[in-house]
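Residue numbers (my numbering): 96 to 539.
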């Protein structure tokens, strides 16, 4: 009882916020239902999986939802009957790999091998079941985790494309299995010991979670994809979902959602929009797109900051140049360490006593790396945190009015402040002499 009440109270505030600040679904908003982890659910044997698959299939058939199901290869054997419940509905079966490995915690070659083994396993099982589907057309990163290395992310997606399929993102994702574990624990008790109120509270918590997450995804989705953004619902093949799926699908129908096949939903441009986000945990699509937009915006803002700083210096405006630094900034150059913006300013003024002595400065951004992190919100929902720190490698060129110029590289640590991006730390090389002046072009 206490655990159920804890979950209930935990969601009251989120549901109220979702109702107050999110848009109302319209008849034009499409939704694709996807189910991960078939045909073997946690804590169930073959008989239990068959019964669970039957409940899923019944709920989907009632609203005529053309869902996608994603299979885990090492759960296929012994659960053929459960998988057949989905193929008999004409649903496409995709693959999560053989052991559903997390790309961020697995060597790339191992992950690719698991991916291929899983693909072949699903293909062979489809043939065994004599399903109309002959090959695997849809793939998904297990747990939505696309890894922490962008090159690995790209290699995995290329493998999916080479296999003749496509990757399917999710926009609504309840990732915390705690509710299902608590629900199964209560069901596992004898009939005499079971508390139906706890089961009811856990079910209501699960439904409240899904409603809140749908509303949250609508809000974020409409910002990045436009009004009536399509949704891809990622469900888990587990007991609490199976027992409450019919109620959830009924609620979605009343909200005006139109259940649609994968080709129609995934045809929206947002699902082809490139994003560069990688992280240690899985993130749903709209958050990936939003944070990728933030990263591109951050690079532009830093580039603008450096260009304006160079312009200020070239005008002889030392204060304008120093505006690019934080109050507690520090500069490391050669054997010198100068800390604090005022101390840095004084050092520059000592070396360049007049505006005329400052010369012309050009700063070109040659590399930009940004630190991204995330936070875990209600029931394990992972939301990336807007970037606050970045590292920039720049090439600088200083041309005085008389004498030899210098050019070199600097590594800048930057921080996002209330006033925008600012330089927190500057590690500059002493540079080398150049004979011919170079134009102060803006970096790209």
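C-beta atoms are modelled at their ideal positions from N, C-alpha and C, and glycine is treated no differently.
Cβ shell of residue i (< 6 Å), same chain only, five flanking positions each side left out
i           : result
residue 400 : 419, 516
residue 294 : 281
residue 407 : 415, 416
residue 332 : 130, 132, 133, 136
residue 494 : 454, 455, 500, 532
residue 177 : 134, 144, 145, 148
residue 298 : 339
residue 530 : none
residue 48  : The shown model of the chain, from 96 to 539, leaves out residue 48, and the question about it has no answer.
residue 164 : 130, 133, 181, 186, 188
residue 433 : 426, 439, 442
Pairwise C-alpha distance: residue j and residue i
i           : j           : result
residue 500 : residue 524 : 14 Å
residue 309 : residue 267 : 6 Å
residue 326 : residue 160 : 13 Å
residue 258 : residue 188 : 15 Å
residue 514 : residue 274 : 43 Å
residue 541 : residue 173 : Residue 541 is absent from the model: the chain starts at 96 and stops at 539.
residue 220 : residue 236 : 20 Å
residue 126 : residue 305 : 14 Å
residue 119 : residue 350 : At residue 119 the pLDDT is 48, less than 50, meaning the model places this residue with poor confidence; the figure from the coordinates comes in the next sentence. Using only the alpha carbons, I get a separation of about 7 Å.
residue 374 : residue 272 : 21 Å
residue 386 : residue 403 : 25 Å
residue 318 : residue 467 : 20 Å
residue 360 : residue 261 : 13 Å
residue 283 : residue 369 : 45 Å
residue 263 : residue 521 : 42 Å
residue 482 : residue 243 : 16 Å
residue 528 : residue 456 : 14 Å
residue 277 : residue 335 : 9 Å
residue 446 : residue 409 : 15 Å
residue 288 : residue 138 : 19 Å
residue 421 : residue 512 : 9 Å
residue 396 : residue 469 : 22 Å
residue 121 : residue 324 : Any reading at residue 121 needs caution, since the residue's pLDDT is 46, under 50, leaving its predicted position unreliable; the model's value is listed next. Near 10 Å, if we compare the C-alpha coordinates of residue 324 and residue 121.
residue 492 : residue 438 : 23 Å
residue 462 : residue 427 : 19 Å
residue 250 : residue 206 : 10 Å
residue 213 : residue 190 : 6 Å
residue 241 : residue 448 : 53 Å
residue 307 : residue 502 : 55 Å
residue 197 : residue 211 : 15 Å
residue 347 : residue 316 : 17 Å
residue 382 : residue 497 : 52 Å
Neighbourhood of residue i by C-beta, 7 Å cutoff - its chain only, sequence neighbours within 5 removed
i           : result
residue 471 : 477
residue 464 : 485, 486
residue 239 : 265, 268, 377, 378, 379
residue 371 : 245, 387, 390
residue 216 : 168, 171, 193
residue 247 : 198, 203
residue 452 : none
Per DSSP, the bridge partner or partners of residue i
i           : result
residue 431 : 428
residue 233 : 261
residue 290 : DSSP output for residue 290 lists no bridge partner at all.
residue 516 : 511
residue 420 : 518
residue 129 : 163, 329
residue 365 : Answer by DSSP bridge pairing: none, since residue 365 is not bridged.
Start and end residues, beta strand (DSSP E) containing residue i
i           : result
residue 506 : 500-512
residue 467 : 455-471
residue 204 : Where residue 204 is concerned, there is no enclosing beta strand (DSSP E), although the alpha helix (DSSP H) it sits in stretches over 203-223.
residue 123 : That residue, residue 123, is in no beta strand (DSSP E); it is neither H nor E in DSSP.
residue 524 : No beta strand (DSSP E) holds residue 524; DSSP gives it neither H nor E.
residue 490 : 477-494
residue 163 : 163-166
Residue range of the unbroken alpha helix (DSSP H) whose run includes residue i
i           : result
residue 404 : 380-409
residue 176 : 175-182
residue 247 : 245-257
residue 331 : Here residue 331 belongs to no alpha helix (DSSP H); instead the beta strand (DSSP E) covers 326-331.
residue 263 : Neither: residue 263 is in no alpha helix (DSSP H) and is coded neither H nor E.
residue 190 : Where residue 190 is concerned, there is no enclosing alpha helix (DSSP H), although the beta strand (DSSP E) it sits in stretches over 187-190.
residue 414 : 413-417
residue 337 : 334-349
residue 442 : 436-446
residue 150 : 141-158
residue 273 : 273-282
residue 355 : Here residue 355 belongs to no alpha helix (DSSP H), and DSSP marks it neither H nor E.
Contact set for residue i: own chain, Cβ-Cβ below 8 Å, skip 5 residues either direction
i           : result
residue 222 : 229
Residue-level contact to chain D via CB, residue i, 8 Å cutoff
i           : result
residue 511 : Checking the listed chains, one finds no chain D in this structure; it contains a single protein chain.
The ligand GTP heavy atom lying under 7 Å from the CB of residue i
i           : result
residue 394 : Among the ligands in the structure shown, none appear at all, so the ligand GTP cannot be discussed.
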